[in-house]
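Using this note's numbering, the letters of the sequence shown map in sequence onto residues -10 to 364.
Even for Gly, the Cβ is constructed at its ideal location relative to N, Cα and C.
Data first, discussion second: the structure below is written as structure tokens.
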Amino acid sequence: MNYELIATATFGLEAVVRREIEGLGYKIIKTEDGKVTFLGDERAIVRSNLWLRCADRVLLKTAEFTAVTFEELFQGTKAYPWEEIIPIDGEFTVTCSTVKSKLHNPPAIQSIAKKAIVERMRSAYGIDRFPETGAAHTVKVTILKDRVTLTVDTSGTGLHKRGYRVAGVEAPIKETLAAALVKLSFFGPGRILIDPCCGSGTIPIEAALIARNIAPGCNRDFAAEKWKFIDRKLWIEERLAARDGVETDSKIYAYDINPKAVEAARRNALEAGVDDIIEFARLDARKLKAPPGDRGMIVTNPPYGERIGEREEIDEIYGAFGRFFRENPDWSLFIITPDREIERKIAGRKADRRRKLYNGSIETTYYQFHGRKQR
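Okay, structure coming up:
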């Protein structure tokens, strides 16, 4: 059976997520701010959770209708055959978000929606009370300009929780954003990638997972994994394929001036199973040199220098990047930062491409400086 599925995404990454879904072989219905809707069966629910590197969640869309009164919300919600998704012992909660709509009281919306689901299930199962001792099903009611969309979260914990982060540092970048930065750099087989400000190693680890074609979700669980209407063998089959990585001749270097960060990055890479293809070292980014080999790229999320005294150090790092690229004109630089003077500080020229992204709540720009084209 085919379903409408929604992959939610950080603002600015919708096109990246769309390409990932298309790469899995699924038909895109539409792309909107923060989400990509596509068609897929039960296996698609499994595969998209395991393989989407840049999406935040995968939602199962159940209904869409207009509602300006609580009665319309109740009837529209009740009309969906919830018994096809939620079993008789299923646990289900209802969350809500509402924007520019006549129905704007979240607690009331949640209460009405849950009551409607219960009424539908009472009729379907012929009982009045539900034990809710089974698998969790989180129903979300999203109302935008009076248009109601009902979804069930198939992911559970957000997809950025890969399961390999056993050691952390202050202000880590989300795994989904790190993977998107790598994908936007067109890193691939035979290329060299350096992160001179690696922190807990998220960018190098995501690059290694991409290089080895290892599914980012192979070491974690998902809410839909316990759902009764999805055959358990689908999860077994897809997990076996998800762990079947390939050999790669890519070279990845992870540097940081903080020895604790380097050790954290090493531990996380070991947990992710990619420590053997990443070279870790303590290094001041201001002393960065190109490693042996052909052209490569720097992909990094440097400190933003928000504390007193840090701004000068960050500007020195930017200056060092500028020197690096004057000495190595075939290399490329991909850097995410809120600093709007970065083009002047690093390259003295405009970036080849810019993309507005949010790192958490911080508005940033992903600057892409391409190296000299080889003849």
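Counting along the chain, the unbroken alpha helix (DSSP H) around F313 starts and ends at E299 to E316.
For K150, same chain residues with a beta-carbon under 8 Å away, outside a window of 5 residues either side, are E164 and R209 in chain order. Listed as beta-bridge partners of H126 by DSSP are F81. A Cβ-Cβ distance of about 10 Å is found for the pair K50 and T131, leaving them out of contact under the 8 Å criterion. In the displayed model, E352 falls within a strand according to three-state DSSP. Cα atoms of A258 and V35: separation of roughly 25 Å, rounded to the nearest angstrom. With contacts defined by Cβ atoms closer than 8 Å, F176 and L182 form a contacting pair. When secondary structure is reduced to three states using DSSP, G65 falls in the helix class. The beta carbons of G188 and P161 sit closer together than 8 Å.
Between the region -8 to 2 and the region 38 to 46 there are three or more inter-stretch CB-CB distances shorter than 8 Å, so the stretches are counted as touching. The region 195 to 209 and the region 229 to 240 touch, with no fewer than 3 CB-CB distances between them shorter than 8 Å. According to the DSSP secondary-structure assignment, M286 is paired through a beta bridge with L182 and S321.
Taken atom to atom, the span from the alpha-carbon of I101 to that of F27 is near 28 Å. DSSP, read as helix, strand or coil, puts A204 in coil. Taken in chain order, the complete alpha helix (DSSP H) segments of 4 or more residues contained in the region 89 to 148 are 95 to 114. Just so you know, the alpha carbons of E108 and K67 end up roughly 7 Å apart. Within its own chain, the residues whose Cβ lies closer than 8 Å to the Cβ of D30, once the five positions on either side in sequence are excluded, are M(-10), N(-9) and Y(-8), listed in chain order. A direct Cα-Cα distance of roughly 51 Å separates G115 from K172.
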